[in-house]
Amino acid sequence: MTTPAGPRQVFRTSLYFHGSMGIIALIGIYLSDHQKWMQEWIQDSPEKILLGLLIGLLLGSVAALLSQILPLVWRDARQLESRLAEIFEGSTPIEVLVLALISSVAEELLFRGLLQPFLGIFIASALFGLAHWTGDRRLSAWPLIAMLAGLALGKLAQWPTAGLPGAIGAHLAVNWIGLNRLSRPLSPPASDPAG
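Just so you know, the sequence shown maps onto residues 12 to 206 in our numbering.
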């Protein structure tokens with residue numbers, strides 16, 4: 012029987028995985044016909060990039076707060092939250108921030124920055140959902156939720172005011188708020204009857 016991965020191992024694995032994903036996405040964007048699109052985004056004014064990021068952070072925060080309703084009304088979402096809490100419980104605030112940041116940047120560069128311009132929003136979103144499939148039945152709701160989130164992030168990336176910075180900001184907010192919740196114990200520690 013294998014020992015479940017603890018938060019430190021999940022953190023290290025995610026750094027390698029998402030770091031590699033981000034590098035591959037940047038190389039793909041550089042080598043693609045969409046290199047011009049990326050150059051235009053990089054050449055945007057800092058104010059426009061910041062505005063897109065802030066719009067994304069705001070929309071992502073609202074989405075993350077609303078998503079807390081899902082486990083109350085959908086059994087599969089309850090199982091998903093419970094399993095993810097087992098995985099991330101005990102993560103430090105710095106680990107949560109770094110995981111949220113690296114995963115949102117890498118995934119948005121790959122799915123919205125590289126794949127969506129080539130494949131379109133629907134196929135890129137379906138692939139985003141598929142990327143969240145783990146084979147663990149307790150996480151069966153994750154691909155569907157991720158695909159729907161991918162559609163929303165894809166539309167946000169297409170909105171000129173928000174663009175890719177907006178999609179990154181929204182993804183960051185959802186991941187950071189969610190991972191913060193999941194890193195804490197779901198139930199309070201039992202009190203000591205002798206104390």
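All C-beta atoms in this analysis are idealised placements derived from N, C-alpha and C, irrespective of residue type, glycine included.
Model, not experiment: these values are computed from the prediction.
- The alpha-carbon separation between K166 and I132 amounts to approximately 8 Å.
- Put simply, the stretch 120 to 127 touches the stretch 159 to 176. At least three CB pairs are less than 8 Å apart.
- Taken in chain order, the complete alpha helix (DSSP H) segments of 4 or more residues contained in the stretch 23 to 85 are 46 to 54, 57 to 78 and 81 to 84.
- Counting only the Cα atoms, R195 lies some 5 Å from E100.
- DSSP places H182 inside the alpha helix (DSSP H), whose first and last residues are G174 to L193.
- DSSP, reduced to helix, strand and coil, places D147 outside both helices and strands of the structure shown, so it counts as coil.
- Short of 7 Å from the beta carbon of D147, and not among the five residues preceding or following it, lie these beta carbons of its own chain, in chain order: R94.
- For the options P18, E97, G161 and G71, the alpha carbon positioned closest to that of I134 is the one of G161.
- In this structure E58 is exposed. Its beta-carbon is surrounded by fewer than 16 other beta-carbon atoms within 10 angstroms.
- DSSP, read as helix, strand or coil, puts P171 in coil.
- Of I40, G63 and I34, the smallest CA-CA separation from A168 is found for G63.
- Cβ-Cβ distances below 8 Å link G17 to G101 in the same chain, with the five nearest sequence neighbours on each side left out; the list follows chain order.
- For P82 and Q90, the gap between their C-alpha atoms comes out near 8 Å.
- In terms of CA proximity to I40, A117 leads the group A117, R192, G180 and N191.
- Sequence-distant partners of Q79 (beyond 5 residues in either direction) whose C-beta falls short of 8 Å from its own C-beta, in its chain, are R192.
- When C-alpha distances from T24 are compared across V109, V84, I66 and I35, the shortest belongs to V109.
- CA-CA distance, L77 to Q54, rounds to 34 Å.
- Contact check for A157 against G180 fails: the beta carbons are separated by 7 Å or more.
- In the structure shown, E92 falls within a helical segment according to DSSP collapsed to helix, strand and coil.
- Annotation for S115: I179, H182, L183 and N186 place their beta carbon closer than 7 Å to its own, counting only its chain and skipping 5 residues before and after.
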